[in-house]
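Engineer:
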């Protein structure tokens, strides 16, 4: 539930516009908001105020807020076209936007007027805010980063636009049934989305399958025509992205797949009802679900279809927009920057080449120069399975012209490699865009690298590993292309909105400027020495913990102790993120507390939030284990002081509740596996102390706050490699550590799964037989550092000082800083004022 408006910092008011007659649509005062609300109850919902349901009221208020965005939205687009500015286009398969109503009220500086307007008509604004579903457009950090970037682009006034897919069902909604994850369809669009506007006039046809015809053009040049096959229509839905305290409203354009022929009336009239809608169903499945299971051939085909569909729509749209102000392509890369957010949209390199060469008749070399100057590629992972490779046979069938283009790109590129490294055949094979083998595959990351002028990692360590281990041959050949852009988070949603108590406290000491200049938080450091400020800081944290405890009670029927240490691990479930290490430690801790009650020196509450991919068996078993542990541990919390909660269906709106209440931020991935992480930054910004490895952005967080304000444990990335090379034997670790052995034995015995005593055998076997992510190797160091955490927490004055220093030094992790670096060092786009 949203806290009082008075607790939030207020941005400078945007310039209002419109005449008195239209103030019901543009005015920000309570009377105008109330008038707009009633208009939409009647004219958009078709109701009287007395018969309007709570959902009608939510929709009416949201539409009234959208009205106030629309005037700025139109002016922003007009300003960009009139000034012919260079624009950054962000292509991403995911956008984890969270709820929009509260965020828009904050950015428009109209939360108080909206709350007042609703109060006057007997409506509780906080209850309306709770009615909004999270937009089901993403899964994890990739999508949330994209959302933070959109916020920063608009707040800083950069001409930018996001492109993606309008997933009907998103990832999935997670239920827990007897401790097991059960996936349900996330029907986030079931009751409509008040923020989007459909633009059918800008629909784009997208071809799949077919064949390529080659002939000579009138000028003797070879011409390729992609013909036949099947056409799907991409229909754009636009969502306004408001800047904080300014008039900029940028656009997120999401594509929905529609059939080119919705309905076959002849088949229907002949009684063949199922076949009459086959094409409609086949086409629309493209935008149904995020990341369909690619364990099967049909799933692989659908994933590639999704990627090409949204990229083809987006590039067609980008080209159309460019040609509004230009008659040729000489200035294309001076007016257009396209950023590939990870490898999913890498097919964009081949698609832009197809458009320029086949449709616009540019010569290959000119088109290739434009393409390379236009694209930037952000790599977000060190996982081999995420560096997508598609079978040549699938490409040949689904995208035959693109396969030809990729082969041509590869042939020309390999000539350069052979000239540079004439006698290194292995290097040539490693760098090829085509992976040889029983089944030839296209290396999509290689396509993105070769077709882009900039390749960036998302944390200093990640970029180093990218250069050294993942793409070393390319980094050697093109060192000038590789750079680092450490991720960041928007302070508007992740402090001003989600933690208004702390925001108010900060503002009372250093003013309001921090919301758009997070470096101003450094002024707080002097207050870390002030006992009164430390006390106020602790009071804020405890109030947030009480709020979370009440919410958890309503969700999971567990009453958390707000005086306990809230130890939080909230992130996607994956073995390398090592939720299993956390769980095993809890078992060992509980066993010790049962034997020696005096060992519990302070109550502790361990909170988890995570979704596992539907086909990821070990990850889903880990969720079941955590819930099994929770059931046992919570049954005697009065004795041990320990509590465990797995909060189901982790999402942005849930993170907004958990993060302000966290004491300890678990960032315990195996060193060398996490690209960056942004949850670590959000938790730091809200005053949680990090317990973590030297992985991803943890490295930079520790550098910022100092070793004394960071709980470091575990092997480094180089030590992980060395340990494995030396012949890592996890059973020896198991045999030598009594606490670890007893905890694993208890898990293996079925104690936490009485319905199936062998349920967790695969988890234990994975650790004892291989332990790929060195859970056992880091267990002793992790347990020791957990003890240090408890000792530090006992000194509340010292703990508060550490927390305040973490907040004070979080400025570097603002997504505003990240976006400025992209804008200045990769895109060359300029801030543009919208009057």
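Residue numbers (UniProt numbering): 1 to 835. From the three backbone atoms N, C-alpha and C, an ideal C-beta is built for every residue, glycine too. A quick note: this is a predicted structure, and the numbers were derived from the prediction, not measured.
To which residues of the same chain is residue 855 closer than 6 Å at the C-beta, ignoring the five residues directly before and after it?
Structural biologist: Only positions 1 to 835 of the chain appear in this structure, which leaves residue 855 out of reach.
Engineer: Using DSSP with H/G/I as helix, E/B as strand and the rest coil, what is residue 226?
Structural biologist: Residue state, collapsed to three classes: strand.
Engineer: Residue 241 and residue 203 - do their beta-carbons sit closer together than 8 Å?
Structural biologist: Contact flag unset, no.
Engineer: Run through DSSP, which three-state label would residue 53 get?
Structural biologist: The answer is coil: DSSP assigns residue 53 none of H, G, I, E or B.
Engineer: How is residue 356 classed by DSSP in three states: helix, strand or coil?
Structural biologist: Looking at residue 356 - three-state DSSP - the assignment turns out to be helix.
Engineer: Under the DSSP definition of a beta bridge, which residues are partnered with residue 161?
Structural biologist: Looking at the DSSP assignment, residue 161 forms a beta bridge with 89 and 251.
Engineer: Return the Cβ separation of residue 746 and residue 734 in integer angstroms, given the expectation that the two are a contact with Cβ distance under 8 Å.
Structural biologist: Actually they are not in contact, since the Cβ atoms of residue 746 and residue 734 sit about 13 Å apart, beyond 8 Å.
Engineer: Based on Cα-Cα distance, which residue from 713, 774 and 709 lies nearest to residue 810?
Structural biologist: Nearest C-alpha to residue 810: 709.
Engineer: For the beta strand (DSSP E) holding residue 606, just list the boundary residues, first then last.
Structural biologist: It spans 604-609 - the beta strand (DSSP E) in which residue 606 sits, taken as one unbroken run.
Engineer: Which of the three DSSP states, helix, strand or coil, is assigned to residue 752?
Structural biologist: The answer is coil: DSSP assigns residue 752 none of H, G, I, E or B.
Engineer: Can you tell me whether residue 705 is helix, strand or coil according to DSSP?
Structural biologist: Helix.
Engineer: Are the CB atoms of residue 75 and residue 159 within a distance shorter than 8 Å?
Structural biologist: Against a cut-off of 8 Å, the Cβ pair of residue 75 and residue 159 comes out as no contact.
Engineer: Count the other C-beta atoms from every protein chain shown that fall within 10 angstroms of the C-beta of residue 601, then say buried if there are 16 or more, exposed otherwise.
Structural biologist: Burial call: exposed.
Engineer: What are the uninterrupted segments assigned as alpha helix (DSSP H) that are 4 or more residues long and contained completely in the segment 621-656, given in chain order?
Structural biologist: Runs of the alpha helix (DSSP H) inside the segment 621-656: 637-640.
Engineer: My output table needs one value for residue 155: the three-state DSSP class, helix, strand or coil.
Structural biologist: In the structure shown, residue 155 sits in a helix (DSSP, three-state: H, G or I).
Engineer: Is it buried or exposed for residue 89, if we count other Cβ within 10 angstroms and need 16 for buried?
Structural biologist: Looking at its Cβ environment, which holds 16 or more other Cβ atoms inside 10 Å, residue 89 is buried.
Engineer: Can we say the segment 497-505 touches the segment 467-479, given the rule of at least three CB pairs closer than 8 Å?
Structural biologist: Flag = no, the segment 497-505 and the segment 467-479 do not touch.
Engineer: Cutting at 6 Å between CB atoms, please list the residues of its own chain near residue 173, excluding the five before and the five after it.
Structural biologist: So the list reads 184, 186 and 649, once near-sequence residues are dropped.
Engineer: Only counting the same chain, and skipping five residues up and downstream in sequence, which positions put a Cβ closer than 8 Å to that of residue 18?
Structural biologist: Unreliable placement is indicated for residue 18, whose pLDDT of 41 sits below 50; the coordinate value is still reported in the next sentence. Once the five neighbours on either side are set aside, the close Cβ partners of residue 18 are 25, 26, 27 and 71.
Engineer: Could you have a look at residue 127 and say whether DSSP puts it in helix, strand or coil?
Structural biologist: The answer is helix: DSSP assigns residue 127 an H, G or I state.
Engineer: Our contact map puts residue 182 next to residue 210 with C-beta atoms below 8 Å; I'd like the distance itself, whole angstroms only.
Structural biologist: Residue 182 to residue 210, Cβ: 40 Å. No contact.
Engineer: On a CA-only basis, which of 817, 672 and 57 is nearest residue 464? Give me that one, please.
Structural biologist: Nearest C-alpha to residue 464: 672.
Engineer: Quick check on this structure: which residue in 645, 627, 608 and 634 has the alpha carbon closest to the alpha carbon of residue 667?
Structural biologist: For residue 667, the nearest C-alpha among the options comes from 608.
Engineer: When burial is assigned at 16 or more other CB atoms within 10 Å of the CB, is residue 119 buried or exposed?
Structural biologist: The residue in question, residue 119, is exposed, as its Cβ has fewer than 16 Cβ neighbours within 10 Å.
Engineer: What is the DSSP secondary structure of residue 747, counted as helix, strand or coil?
Structural biologist: The answer is helix: DSSP assigns residue 747 an H, G or I state.
Engineer: Considering Cα atoms alone, identify which of 684, 30, 409 and 492 is closest to residue 155.
Structural biologist: Checking every option, the nearest Cα to that of residue 155 belongs to 492.
Engineer: For residue 566 and residue 653, what's the separation of their Cα atoms in angstroms?
Structural biologist: Whole-angstrom Cα-Cα distance: 18 Å.
Engineer: Hey, could you find the ends of the beta strand (DSSP E) residue 175 is sitting in?
Structural biologist: Residues 173-177.
Engineer: How about residue 677 and residue 697: are their beta carbons less than 8 Å apart?
Structural biologist: Closer than 8 Å, so yes.
Engineer: Can you tell which of 506, 605 and 244 has the C-alpha that lies nearest to the C-alpha of residue 816?
Structural biologist: Out of 506, 605 and 244, 244 has the C-alpha closest to the C-alpha of residue 816.
Engineer: For residue 711, does the count of other Cβ atoms within 10 angstroms reach 16, so buried, or fall short, so exposed?
Structural biologist: It is buried - the Cβ of residue 711 has at least 16 other Cβ atoms within 10 Å.
Engineer: Counting Cβ pairs closer than 8 Å, one from the segment 99-107 and one from the segment 529-539, do we hit at least three?
Structural biologist: Touching, no, given that fewer than three Cβ pairs across the two stretches are closer than 8 Å.
Engineer: For residue 675, name the three-state secondary structure that DSSP assigns.
Structural biologist: Coil, per DSSP.
Engineer: May I ask you to verify whether the segment 615-629 touches the segment 541-551, counting CB pairs closer than 8 Å and requiring at least 3?
Structural biologist: With a cut-off of 8 Å, the segment 541-551 and the segment 615-629 do not count as touching, because too few Cβ pairs lie within range.
Engineer: Scan the segment 421-481 and note each continuous beta strand (DSSP E) run of 3 residues or more that stays entirely inside, going in chain order.
Structural biologist: Here the runs fully enclosed are 441-443 and 454-457.
Engineer: Looking at the secondary structure, which residues open and close the beta strand (DSSP E) in which residue 665 lies?
Structural biologist: 664-667 is the extent of the beta strand (DSSP E) around residue 665.
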